[in-house]
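Undergrad:
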Amino acid sequence: SFGINIERQGTTLWPCLPLYALANRQLERQGVLSNSIVLGFPYADVEEMGSTAIAVTDGDAELAQELADEMAAYMVEHRAEFVGEYITVEEAVERAVGSGEGPICLLDMGDNVGGGSSADSTLIAHEIHRRGDTTAFVCLYDRVSQERARQAGVGAKLELSMGGTTDDRHGEPLETAVTVKSLHDGKYEESEVRHGGYSHFDMGPTAVVTTATGLTISLTTLRAVPVSLGIVTSVGVEPADFQILVAKGVHAPVAAFEPVCAALIRVNTGGVTAADMRTFEYEHRRRPMYPFEEIG
Numbered sequence: 134s135f136g137i138n139i140e141r142q143g144t145t146l147w148p149c150l151p152l153y154a155l156a157n158r159q160l161e162r163q164g165v166l167s168n169s170i171v172l173g174f175p176y177a178d179v180e181e182m183g184s185t186a187i188a189v190t191d192g193d194a195e196l197a198q199e200l201a202d203e204m205a206a207y208m209v210e211h212r213a214e215f216v217g218e219y220i221t222v223e224e225a226v227e228r229a230v231g232s233g234e235g236p237i238c239l240l241d242m243g244d245n246v247g248g249g250s251s252a253d254s255t256l257i258a259h260e261i262h263r264r265g266d267t268t269a270f271v272c273l274y275d276r277v278s279q280e281r282a283r284q285a286g287v288g289a290k291l292e293l294s295m296g297g298t299t300d301d302r303h304g305e306p307l308e309t310a311v312t313v314k315s316l317h318d319g320k321y322e323e324s325e326v327r328h329g330g331y332s333h334f335d336m337g338p339t340a341v342v343t344t345a346t347g348l349t350i351s352l353t354t355l356r357a358v359p360v361s362l363g364i365v366t367s368v369g370v371e372p373a374d375f376q377i378l379v380a381k382g383v384h385a386p387v388a389a390f391e392p393v394c395a396a397l398i399r400v401n402t403g404g405v406t407a408a409d410m411r412t413f414e415y416e417h418r419r420r421p422m423y424p425f426e427e428i429g
């Protein structure tokens with residue numbers, strides 16, 4: 134058995150790209166009707182969790198098995214490359230700050246909102262705040278802090294304890310003095326083709342606050358999936374205003390953020406959608422399964 138973590142499920146990236154090229158070549162063969170690569174959902178603790186390949190032919194079971202085995206063999210052969218790079222928070226922020234370019238998008242894989250996460254992880258924000266040597270935009274789901282900032286009003290200065298309230302997987306609340314920069318209704322539209330085909334978004338009432346350490350934090354009352362740049366631009370700021378943009382996703386934000394960013398770095402943050410499958414405890418998965426156990 135074999136499992137592919139979310140970091141390595143980008144179909145336009147190595148090592149998935151050659152696998153999909155192989156699948157496309159198979160479709161050109163006589164008698165092949167279709168094939169599928171099932172990358173899998175690593176957050177499901179079920180026996181079926183894992184990656185596989187399917188081939189459908191016109192009555193030729195032997196050929197179908199051969200093609201499915203060919204795709205599966207690629208996965209096994211390149212299993213080490215499918216494990217992931219697992220860049221730490223500290224390394225990711227250091228790379229972004231040291232790049233001399235901007236903005237750099239840090240993809241917060243452990244708080245992948247589209248994957249069902251909390252949208253309030255503070256792990257990257259804490260590191261940026263600790264350093265205090267850059268400018269960064271972060272969006273956090275925090276109803277209480279949003280309401281406190283709204284009641285204080287634009288221009289007000291107050292102490293807030295932001296994010297990190299859902300559970301203990303996503304960092305401690307970020308406690309610091311902030312200035313209320315702006316207030317918004319949280320609604321925006323997207324005209325470009327984006328992940329999932331979404332065009333209308335609603336973050337709920339939103340307050341934007343800034344810190345003395347270079348953070349601009351958008352506090353929302355609804356969880357926001359960052360598949361549109363509107364998550365940034367709808368609150369009165371531009372990507373170019375920052376050296377770092379934190380997007381809570383893995384692949385879904387790429388179409389929106391890649392055109393305006395000098396680089397994208399996938400960050401191995403902890404959380405319910407952490408990229409490293411080995412950080413989770415499974416009861417029902419098959420054994421042996423790579424990367425938990427070695428396979429032949």
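Quick note: the sequence shown uses our numbering, first residue 134, plus one each step.
Virtual Cβ for every residue (Gly too), placed ideally from N, Cα, C.
Bear in mind that the values here come from a model prediction, so they are computed numbers and not experimental data.
Taking contact to mean 3 or more Cβ pairs, one atom from each stretch, closer than 8 Å, check whether the stretch 153–166 and the stretch 224–237 are in contact.
TA: Segments in contact, no.
Undergrad: If you compare alpha carbons, which of E218, G347, A289, T353 is closest to H262?
TA: If you number the sequence shown from 1, residue 262 lands on position 129. For the residues E218, G347, A289, T353, the minimum Cα distance to H262 belongs to G347.
Undergrad: Looking at A310 and K290, is the spacing between their C-beta atoms short of 9 Å?
TA: Start at 1 with the first residue of the sequence shown, and residue 290 comes out as number 157. Start at 1 with the first residue of the sequence shown, and residue 310 comes out as number 177. Yes, the Cβ-Cβ distance between K290 and A310 is below 9 Å.
Undergrad: On the DSSP letters alone, give me the boundaries of the beta strand (DSSP E) that V432 sits inside.
TA: Residue 432 is absent from the model: the chain starts at 134 and stops at 429.
Undergrad: Using the rule of at least 16 other Cβ atoms within 10 Å of the residue's Cβ for burial, across every protein chain shown, is R411 buried or exposed?
TA: Working through the sequence shown from its first residue, we reach residue 411 at position 278. Flag for R411 reads exposed.
Undergrad: If you compare alpha carbons, which of G288, E224, A269, I139 is closest to G248?
TA: For the purposes of this step, residue 248 is taken as residue 115 along the sequence shown, with counting starting at 1. Per the Cα distances, I139.
Undergrad: Helix, strand or coil for E210? Go by DSSP, reduced to three states.
TA: If you number the sequence shown from 1, residue 210 lands on position 77. The answer is helix: DSSP assigns E210 an H, G or I state.
Undergrad: Are G265 and A345 close, meaning C-beta to C-beta below 9 Å?
TA: Taking the first residue of the sequence shown as position 1, residue 265 is located at position 132. Taking the first residue of the sequence shown as position 1, residue 345 is located at position 212. Closer than 9 Å, so yes.
Undergrad: In or out: A206 buried (at least 16 other Cβ within 10 Å) or exposed?
TA: Position 73 of the sequence shown, counting from 1, holds the residue named residue 206. A206 comes out exposed.
Undergrad: Comparing C-alpha positions only, which one of A194, A188, D193 sits nearest to E203?
TA: As a position in the sequence shown, residue 203 is number 70, starting the count at 1. Among A194, A188, D193, the Cα nearest to that of E203 belongs to A188.
Undergrad: Taking 9 Å as the threshold (C-beta atoms), are V246 and G369 in contact?
TA: Walking along the sequence shown from the start, residue 369 turns up at place 236. Walking along the sequence shown from the start, residue 246 turns up at place 113. No, the pair does not count as a contact, with Cβ atoms beyond the cut-off.
Undergrad: Mapping DSSP to helix, strand and coil, what is T190?
TA: Translated into positions along the sequence shown, residue 190 becomes position 57. If DSSP states are grouped into helix, strand and coil, T190 belongs with the strands.
Undergrad: Helix, strand or coil, according to DSSP, for E227 in the structure here?
TA: One-based indexing of the sequence shown puts residue 227 at position 94. Reduced to three states, the DSSP call for E227 is helix.
Undergrad: Quick one: give me the first and last residue of the alpha helix (DSSP H) that T322 is part of.
TA: Position 189 of the sequence shown, counting from 1, holds the residue named residue 322. Going by the sequence as given, residue 322 is Glu instead of Thr. Careful: E322 lies outside any alpha helix (DSSP H), inside the beta strand (DSSP E) at 320–322.
Undergrad: Taking Cβ positions only, does D178 come closer than 9 Å to chain B?
TA: You won't find chain B in this structure, because it holds only one protein chain.
Undergrad: Would you mind sorting A352 into buried or exposed? The rule is 16 or more other CB atoms within 10 Å of its CB.
TA: Taking the first residue of the sequence shown as 1, we reach residue 352 at position 219. For the record, residue 352 in the displayed sequence is Leu; it is not Ala. By the 10 Å Cβ count, L352 comes out buried.
Undergrad: Which complete beta strand (DSSP E) runs does the stretch 340–420 hold, if anything under 3 residues is left out?
TA: Taking only runs of at least 3 residues, the beta strand (DSSP E) segments lying wholly in the stretch 340–420 are 348–353, 377–380, 396–400.
Undergrad: Taking C-beta to C-beta, are G192 and G164 nearer than 9 Å?
TA: Position 59 of the sequence shown holds residue 192. Position 31 of the sequence shown holds residue 164. In this structure, G164 lies closer than 9 Å to G192 by Cβ.
Undergrad: To the nearest angstrom, how far is it from the Cα of R283 to the Cα of L316?
TA: Residue numbering aside, residue 283 sits at position 150 when the sequence shown is read from its first letter. Residue numbering aside, residue 316 sits at position 183 when the sequence shown is read from its first letter. So the two alpha carbons sit approximately 7 Å from each other.
Undergrad: Between which residues of its own chain and V171 is the CB-CB distance below 8 Å, once the five residues before and five after are set aside?
TA: Along the sequence shown, one-based indexing puts residue 171 at 38. Excluding positions up to five away in sequence, the list reads S184, T185, A186, I187.
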